[in-house]
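*Asks:*
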Amino acid sequence: MSSTTGPLAIAIVTFNRSALLDELLQSASTMTTAPDRIVVIDNASTDDTQQVVSAWESKFPPGVLVNHRMATNTGGAGGFSEGTKVALELGAEWVWLMDDDVEILPDALERFAPWMERFKVIHGRRYDVDGTPFYWQAKFNQFLGVPLPYSIKTFNTDGYALTNSGTFEGMLVHADVVRRIGLPDPRFFISWDDAIYAWLASLETEVVYVDEFVLQKKREQKQVSLGIRHLNDSSPLAKYHVMRNRAYVGRYFEEHGRLNRVGFAIGTFLTFAKEIVRLVVVERSAKGFTSLVNGWRDGRKIWADRTWRPMPALTGGSDD
1 MSSTTGPLAI
11 AIVTFNRSAL
21 LDELLQSAST
31 MTTAPDRIVV
41 IDNASTDDTQ
51 QVVSAWESKF
61 PPGVLVNHRM
71 ATNTGGAGGF
81 SEGTKVALEL
91 GAEWVWLMDD
101 DVEILPDALE
111 RFAPWMERFK
121 VIHGRRYDVD
131 GTPFYWQAKF
141 NQFLGVPLPY
151 SIKTFNTDGY
161 ALTNSGTFEG
171 MLVHADVVRR
181 IGLPDPRFFI
191 SWDDAIYAWL
201 ASLETEVVYV
211 DEFVLQKKRE
221 QKQVSLGIRH
231 LNDSSPLAKY
241 HVMRNRAYVG
251 RYFEEHGRLN
261 RVGFAIGTFL
271 TFAKEIVRLV
281 VVERSAKGFT
291 SLVNGWRDGR
301 KIWADRTWRP
311 MPALTGGSDD
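According to the UniProt record's numbering, numbering within the sequence shown proceeds without interruption in unit steps and concludes at 320.
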């Protein structure tokens, strides 16, 4: 990556999706501006993921592709926390976080480059599986404590939009921000970890979406379009964590003096209602309802845990 922006590492988290990972690494190998490192966090996959990564190691310059296998499955949150940590230890000044079910467009880093001169937390856009623009830009409603979609007029005349939410399916973060707010919180396991990480970053610096397409989604899911919003299917495990992790979101808000308990309770009810809509409209099944209830119940334990502390800041941050 250009010396004006500093070394960049792509941190990929994968679990038992070796075919998709293979396609992603293929796309990384054809980028017109190459990353300095590609850190693959294998979340203890039981398929042939290790063989796929090993096969690609020799196709990149020595030391570029870093194969980091976890002893256990730590979920997306644990994987992105570890991937960010490893990337910084390897000297990255930028970490581009992504799941294994996307591919990188060849000129992605050229599209990011001008924005990297201005901002320190950046999201590009992505295409859906069928090649149509995928809409996922959102912003936390502080009263409700939930990310709500922008209107269709997202971007200003300069081609970007400020936000306080985000996604690890493409979030680009400067190391200075990581040092200030700490690593992504692995306790989330899956769900809400990326939204709250961008929210924490927004307390330190501007977080933006830019009108530049840099990724394409590759994994097909059941999906229902609600206009500017799409609802995908999700697993019972994801449903559990959507509800349980509301408590982690609330604790972070509370820690920073931004928690409105009445509004947050309403937001939690609306989150539960959205998941019911997902069950009825997208999945047409009651399977997963128990997971939602169990997640809400276990979230109450997190609220009651007075030993809970947020992720600590790292040392060595510099001023903007």
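The beta carbon of each residue, even a glycine, is placed where N, CA and C say it ideally should be.
(1) For the alpha helix (DSSP H) containing Thr49, list its first residue and its last residue.
(2) From the DSSP output, in three-state form, read off Val224 for me.
(3) When the Cα of Arg179 is compared with those of Leu314, Val39, Asn16, Pro7, which residue comes out closest?
(4) Residues bridged to Asp42 by DSSP?
(5) With DSSP collapsed to three states, give me the class of Phe155.
(6) What residue range does the beta strand (DSSP E) around Arg126 cover?
(7) Compute the Euclidean distance between the alpha carbons of Ala286 and Val177, then round it to the nearest angstrom.
(8) Please state whether DSSP places Met311 in a helix, a strand or coil.
(9) For the region 227-273, which segments carrying the alpha helix (DSSP H) assignment without a break, of at least 4 residues, lie completely within its bounds, in sequence order?
(10) Under 7 Å Cβ to Cβ from Phe15, same chain only, skipping five residues before and after it: list those, please.
(11) Would you mind stating whether His123 and Ser191 have Cβ atoms separated by less than 8 Å?
(12) Hey, is the region 94-108 in contact with the region 200-210, meaning 3+ C-beta pairs nearer than 8 Å?
(13) Whole angstroms is fine: what's the gap from Arg306's alpha carbon to Arg111's?
(14) Under three-state DSSP, which class holds Thr132?
(15) Spatial neighbours of Arg69 within its chain, please: CB distance less than 6 Å, with the 5 preceding and 5 following residues excluded, ordered by chain position.
(16) Which of the three DSSP states, helix, strand or coil, is assigned to Asp194?
(17) Which term fits Thr32, buried or exposed, when burial requires 16 or more other beta carbons within 10 angstroms of its beta carbon?
(18) Do you know whose CA, among Ser27, Arg309, Pro7, lies nearest Ile181's CA?
(19) Does Phe143 pass the burial test, meaning 16 or more other C-beta atoms within 10 Å, or should it be called exposed?
(20) Is it true that the region 159-174 meets the region 193-202, where meeting means three or more beta-carbon pairs spaced less than 8 Å apart?
(21) Taking the DSSP output, what are the residues bridged to Val207?
(22) Any idea if Ala9 is buried or exposed, counting beta-carbon neighbours within 10 angstroms, 16 or more meaning buried?
(23) Quick one: is Asp36 buried, meaning 16 or more other Cβ sit within 10 Å of its Cβ, or exposed?
*Replies:* Judging by the given coordinates:
(1) Taking the first residue of the sequence shown as 1, we reach residue 49 at position 49. Here the alpha helix (DSSP H) through Thr49 covers 49-57.
(2) By 1-based counting over the sequence shown, the position of residue 224 is 224. Below a pLDDT of 50, predicted positions are generally treated as unreliable, and Val224, at 48, falls in that range; the measurement from the model is reported next regardless. Reduced to three states, the DSSP call for Val224 is strand.
(3) Numbered from its first residue, the sequence shown carries residue 179 at position 179. Out of Leu314, Val39, Asn16, Pro7, Leu314 has the C-alpha closest to the C-alpha of Arg179.
(4) Locating residue 42 in the sequence shown gives position 42, counting from the first residue. DSSP output for Asp42 lists Thr14, Arg69 as bridge partner(s).
(5) Counted from its first residue, the sequence shown places residue 155 at position 155. Phe155 falls in the coil class under three-state DSSP.
(6) Your numbering for residue 126 matches position 126 in the sequence shown. Its beta strand (DSSP E) spans residues 121-127.
(7) Taking the first residue of the sequence shown as 1, we reach residue 286 at position 286. Taking the first residue of the sequence shown as 1, we reach residue 177 at position 177. About 41 Å.
(8) Stepping through the sequence shown from its first residue, residue 311 is reached at position 311. Correct three-state label for Met311: coil.
(9) 236-244, 246-255
(10) Residue 15 sits at position 15 when you count from the first residue of the sequence shown. Answer for Phe15: Asn43, Ser45, Asn73, listed in chain order.
(11) In the sequence shown, the residue the question calls residue 123 occupies position 123. In the sequence shown, the residue the question calls residue 191 occupies position 191. No, the pair does not count as a contact, with Cβ atoms beyond the cut-off.
(12) Verdict: no, contact absent.
(13) Locating residue 306 in the sequence shown gives position 306, where the first residue counts as 1. Locating residue 111 in the sequence shown gives position 111, where the first residue counts as 1. Each residue's Cα considered, the two are about 45 Å apart.
(14) In the sequence shown, the residue the question calls residue 132 occupies position 132. Here Thr132 sits in coil by DSSP.
(15) Counting from one through the sequence shown, the residue named residue 69 turns up at place 69. For Arg69, where only same-chain residues beyond five positions count, the Cβ hits under 6 Å are Asp42.
(16) Numbered from 1 along the sequence shown, position 194 holds the residue referred to as residue 194. Secondary structure of Asp194 (DSSP, three-state): helix.
(17) For this step, residue 32 is matched to residue 32 along the sequence shown. The residue in question, Thr32, is exposed, as its Cβ has fewer than 16 Cβ neighbours within 10 Å.
(18) In the sequence shown, the residue the question calls residue 181 occupies position 181. With distances taken between Cα atoms, Ile181 lies closest to Arg309.
(19) In the sequence shown, counting from the first residue as 1, residue 143 sits at position 143. Residue environment: Phe143 is assigned as exposed (fewer than 16 neighbouring CB atoms within 10 Å of its CB, all protein chains considered).
(20) yes
(21) Your numbering for residue 207 matches position 207 in the sequence shown. Val207 is bridged to Val121, Thr163.
(22) As a first step, residue 9 must be located in the sequence shown, where it is residue number 9. Buried is the call here.
(23) Reading the sequence shown from its first residue, position 36 is the one you call residue 36. Asp36 comes out buried.
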